[in-house]
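Just so you know, the sequence shown maps onto residues 65 to 152 in the working numbering.
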Amino acid sequence: MEEQFEIAIQSINNLSTNPSNDNILKIYAFFKQAREGNVSFARPSILNQKGRAKWDAWKKLENMDKQDAMANYIALAYSLTGNDALKL
């Protein structure tokens, strides 16, 4: 799964169009949960709306297993890119 995860990261980074804001937050949250586990810092200030949205998306995945986060990231990357190397 690690290999597919790395391919998914490359596929997302090479998208020719920008994903929706909702998908960007999902991409961020699944990536962070897969790489770092649970969020480990305080919620950003209300003045930092972008940081706050990202933190909230990641926090929703609290206690999700890293392998599950990778699988979700890969599935999302597949839905956005259609890259057959990402079929689970």
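We put the beta carbon where it would ideally sit given N, CA and C, even for glycine.
In chain order, what residues of the same chain have a beta carbon less than 7 Å from the beta carbon of residue i, not counting five sequence neighbours either side?
{"i": "lysine 123", "result": "Val103"}
{"i": "arginine 107", "result": "Arg116, Trp119"}
{"i": "leucine 79", "result": "Leu144, Thr145"}
{"i": "alanine 133", "result": "Phe94, Gln97, Ala98, Leu125"}
On the CB-based measure, 16 or more other CB atoms within 10 Å of its CB, does residue i come out buried or exposed?
{"i": "leucine 111", "result": "exposed"}
{"i": "serine 109", "result": "exposed"}
{"i": "asparagine 136", "result": "buried"}
Note down, in chain order, each residue of its chain lying with its Cβ closer than 6 Å to the Cβ of residue i, except the 5 sequence neighbours on either side.
{"i": "leucine 125", "result": "Ala93, Gln97"}
{"i": "lysine 130", "result": "Ala98"}
Contact defined as beta carbons within less than 8 Å: I believe residue i pairs with residue j. What is the distance between those atoms, to the nearest angstrom?
{"i": "serine 75", "j": "asparagine 147", "result": "5 Å"}
{"i": "aspartate 150", "j": "lysine 90", "result": "The question names aspartate, yet the displayed sequence has leucine at residue 150. About 15 Å separates the two Cβ atoms, so there is no contact after all."}
For residue i, which residues in the same chain have their Cβ closer than 8 Å to its Cβ, ignoring the five residues on either side in sequence?
{"i": "glutamate 66", "result": "Met134"}
In whole angstroms, what separates the C-alpha of residue i from that of residue j?
{"i": "glutamate 100", "j": "aspartate 86", "result": "21 Å"}
{"i": "alanine 121", "j": "glutamine 68", "result": "23 Å"}
Where are the alpha helix (DSSP H) runs, 4 residues long or more, that stay fully inside the region 92–151, in chain order? 113–123, 130–145
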